[in-house]
Amino acid sequence: MTPRAPRLSVCIVSWNCRDDLVACLASLADAAPGPGTEVLLVDNASTDDTVDVVETRFPRVRVIPNARNRGFAAATNQALAEASGEYLLLLNPDTVVPAGALRELVAFAEAHPEAGIVAPKLLNPDGSLQPSCRRFPTPTAALFRHTLLGRLFPRNRWSSEYVMADWGHEEPREVDWVSGACLMVRRDLYEEIGPLDEEFFWGSEDVDYCYRTHRAGRKVLYTPAPAIMHRIGASTNKAQVRTILNFHRSMLRLYRKHMARGVLDFAVVAVGVSLRAILLVASWGLRTAHGRAMGALRGQGR
């Protein structure tokens, strides 16, 4: 008898986040819908002992080690290509999934066959809401949200509309896009629109995939139950400058691909995004230098 295909494939990408990943995988044992669940982990050339620890402690997890860091989208596509589930869950390694949560998420998807993507509520470690839904940014919203204008005018109406500040995330609804920290894709949608765009090394690949989902005539749905805990940036904080640059590069690709209305329009946003990236890198450098200087002074005072 041919083995039945898994109902759910959980796809995780890791990079130097062993402790958070272990907590995530341990939580999945009670969260999965049942024995018809497979977990695939693509490790992007971690320099810690992530792979050894996972293979020892979680022998049922299928580990795909990379010789180099291929980026989030490309590594996710490796997992998706090997996955065989009816539902494909993209899950960050810095999440903790409560018991029964994935069973509940699959049940929600079953009740809404019109949805190509469903995603749950995300919570910060302190239990507060972590907004995970957005409207697609208009060119003006993108200009304010992703350039220095957003820092100069933080309460502008375009940014507020973009982050859906008028909504409490307490009821299911159709949304423009959802965070890729925990995002479930129906297999027939994946087979229709294909894998993630690997030109997004890190950041904005989830927004792009939701754009493509809507263009295929499918819905993106948010549900407040279950709720998943997400520690933002558990692995990306380890390479802050590279993370900042990759994130802003992905912003520009997203804008050029879906929102730019011409060369001049794109040029204006590109200048603003580039200045924002430079400011963040400089700020990080100053904080790092200050921290090292204070550490040296404390050492001299001993």
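Start counting at 1 in the sequence shown, then tack on 1240, and there's your number in the working numbering.
Even glycine gets a Cβ: it sits at the ideal position worked out from N, Cα and C.
When R1427, H1409, L1429, L1330 are compared against A1314, the one with the closest alpha-carbon = Position 74 of the sequence shown, counted from the start, is the residue given in the question as residue 1314. Comparing alpha carbon positions, the residue from R1427, H1409, L1429, L1330 closest to A1314 is L1330.
Check whether V1358 and M1424 have beta carbons under 7 Å apart = The residue given as residue 1358 occupies position 118 in the sequence shown. The residue given as residue 1424 occupies position 184 in the sequence shown. A contact, by the Cβ cut-off of 7 Å.
query = To which residues of the same chain is R1303 closer than 7 Å at the C-beta, ignoring the five residues directly before and after it?
reply = Stepping through the sequence shown from its first residue, residue 1303 is reached at position 63. Strictly speaking, residue 1303 in this sequence is Val, with Arg absent from that position. Closer than 7 Å at the Cβ level, and outside the excluded window around V1303, lie L1281, D1283, V1291, V1294, E1295.
query = Measuring CA to CA, which of T1463, P1377, K1497, Q1480 is closest to F1348?
reply = The residue you call residue 1348 lines up with position 108 of the sequence shown. Nearest of T1463, P1377, K1497, Q1480 to F1348, Cα basis: T1463.
ask   = Roughly how many whole angstroms lie between the Cα atoms of A1351 and T1287?
value = As a position in the sequence shown, residue 1351 is number 111, starting the count at 1. As a position in the sequence shown, residue 1287 is number 47, starting the count at 1. Distance between the alpha carbons of A1351 and T1287: 42 Å.
query = Are the Cβ atoms of V1421 and N1332 separated by less than 7 Å?
reply = The residue labelled residue 1421 in the question sits at position 181 within the sequence shown. The residue labelled residue 1332 in the question sits at position 92 within the sequence shown. The displayed chain sequence assigns Ala, not Val, to residue 1421. Contact flag set, yes.
ask   = Considering only the beta carbon of each residue, do W1407 and R1374 sit closer than 7 Å?
value = As a working mapping, residue 1407 is identified with position 167 in the sequence shown. As a working mapping, residue 1374 is identified with position 134 in the sequence shown. The answer is no: Cβ separation not under 7 Å.
query = In whole angstroms, what is the alpha-carbon distance linking R1458 and E1438?
reply = For the purposes of this step, residue 1458 is taken as residue 218 along the sequence shown, with counting starting at 1. For the purposes of this step, residue 1438 is taken as residue 198 along the sequence shown, with counting starting at 1. Roughly 22 Å between the two C-alpha positions.
task = Label E1445 either buried or exposed according to how many other C-beta atoms from any shown protein chain fall within 10 Å of its C-beta, with 16 as the threshold for buried.
result = Residue mapping note: residue 1445 aligns to position 205 of the sequence shown, counting from 1. Buried, by the Cβ-count rule.
key: Span separating the alpha-carbon of G1276 from that of T1380   = Counting from 1 along the sequence shown, the entry for residue 1276 is found at position 36. Counting from 1 along the sequence shown, the entry for residue 1380 is found at position 140. Rounded to whole angstroms, G1276 to T1380 spans 46 Å at the Cα level.
ask   = Is M1424 helix, strand or coil when you go by DSSP?
value = Looking up residue 1424 in the sequence shown gives position 184. The answer is strand: DSSP assigns M1424 an E or B state.
inquiry  = Does H1454 come out as helix, strand or coil in the three-state DSSP assignment?
reply    = Residue mapping note: residue 1454 aligns to position 214 of the sequence shown, counting from 1. In this structure, H1454 counts as helix in the three-state DSSP scheme.
Buried or exposed (CB count within 10 angstroms, at least 16 for buried), L1268 = Residue numbering aside, residue 1268 sits at position 28 when the sequence shown is read from its first letter. Classification of L1268: buried, given that the 10 Å Cβ count is 16 or more.
query = Do L1429 and the ligand GTP come close, with the Cβ less than 6 Å from some heavy atom?
reply = Ligands in the displayed structure: none, and consequently the ligand GTP is not present.
query = Curious, which full-length alpha helix (DSSP H) runs of at least 4 residues does the region 1258–1284 contain?
reply = 1258–1271
message = Does M1404 come out as helix, strand or coil in the three-state DSSP assignment?
response = To locate residue 1404, count along the sequence shown from 1; it is residue 164. The answer is coil: DSSP assigns M1404 none of H, G, I, E or B.
key: Nearest-angstrom Cβ-Cβ length linking L1345 and P1365, presumed shorter than 8 Å   = Counting from one through the sequence shown, the residue named residue 1345 turns up at place 105. Counting from one through the sequence shown, the residue named residue 1365 turns up at place 125. Their Cβ separation, rounded to whole angstroms, is 20 Å, which puts L1345 and P1365 out of contact at 8 Å.
ask   = How many angstroms separate the CA atom of A1460 from the CA atom of L1392?
value = Looking up residue 1460 in the sequence shown gives position 220. Looking up residue 1392 in the sequence shown gives position 152. Residue 1460 is actually Val in this sequence, not Ala. Looking at the two C-alpha atoms, the distance is approximately 32 Å.
query = So the alpha helix (DSSP H) T1316 belongs to, where does it begin and stop?
reply = Your numbering for residue 1316 matches position 76 in the sequence shown. Taken as a continuous stretch (DSSP letters only), the alpha helix (DSSP H) holding T1316 covers 1312–1322.
key: Same chain, Cβ closer than 7 Å to F1440, five either side skipped, listed in chain order   = Counting from one through the sequence shown, the residue named residue 1440 turns up at place 200. The answer, listed in chain order, is A1313, D1448, S1490, R1493.
ask   = My guess is that L1248 and G1340 are in contact by the Cβ rule of under 8 Å, so how many angstroms apart are they, rounded?
value = Residue numbering aside, residue 1248 sits at position 8 when the sequence shown is read from its first letter. Residue numbering aside, residue 1340 sits at position 100 when the sequence shown is read from its first letter. Going by Cβ atoms, the distance from L1248 to G1340 rounds to 13 Å, so no, they are not a contact pair.
request  = Quickly, what does DSSP pair W1417 with across the bridge? List them, please.
outcome  = Along the sequence shown, one-based indexing puts residue 1417 at 177. Answer is R1374.
request  = Determine which residues share a DSSP beta bridge with R1343 and list them.
outcome  = Residue numbering aside, residue 1343 sits at position 103 when the sequence shown is read from its first letter. In the DSSP output, where bridge partners are listed per residue, R1343 has none listed.
ask   = With R1426 and G1356 assumed to form a contact (beta carbons below 8 Å), what rounded beta-carbon distance in angstroms separates them?
value = Position 186 of the sequence shown, counted from the start, is the residue given in the question as residue 1426. Position 116 of the sequence shown, counted from the start, is the residue given in the question as residue 1356. Yes, R1426 and G1356 are in contact; Cβ-Cβ is about 5 Å, under 8 Å.
Rounded C-alpha distance that separates R1395 from Y1451 = Residue numbering aside, residue 1395 sits at position 155 when the sequence shown is read from its first letter. Residue numbering aside, residue 1451 sits at position 211 when the sequence shown is read from its first letter. Rounded to the nearest whole angstrom, the CA to CA distance from R1395 to Y1451 is 26 Å.
ask   = According to the neighbour-count rule (16 or more other Cβ atoms, all chains shown, within 10 Å of its Cβ), is P1299 buried or exposed?
value = Translated into the one-based positions of the sequence shown, residue 1299 becomes position 59. Label assigned to P1299: exposed.
ask   = So, L1328 versus Y1430, is the Cβ gap smaller than 7 Å?
value = Sequence index remark: in the sequence shown, residue 1328 carries index 88 (1-based). Sequence index remark: in the sequence shown, residue 1430 carries index 190 (1-based). Yes. Within cutoff.
Rounded straight-line distance, which links the Cα of T1453 to that of E1432 = Looking up residue 1432 in the sequence shown gives position 192. Looking up residue 1453 in the sequence shown gives position 213. Rounded to whole angstroms, E1432 to T1453 spans 9 Å at the Cα level.
request  = Classify P1466 as buried or exposed, calling it buried when 16 or more other Cβ atoms lie within 10 Å of its own Cβ.
outcome  = Residue 1466 sits at position 226 when you count from the first residue of the sequence shown. Flag for P1466 reads buried.
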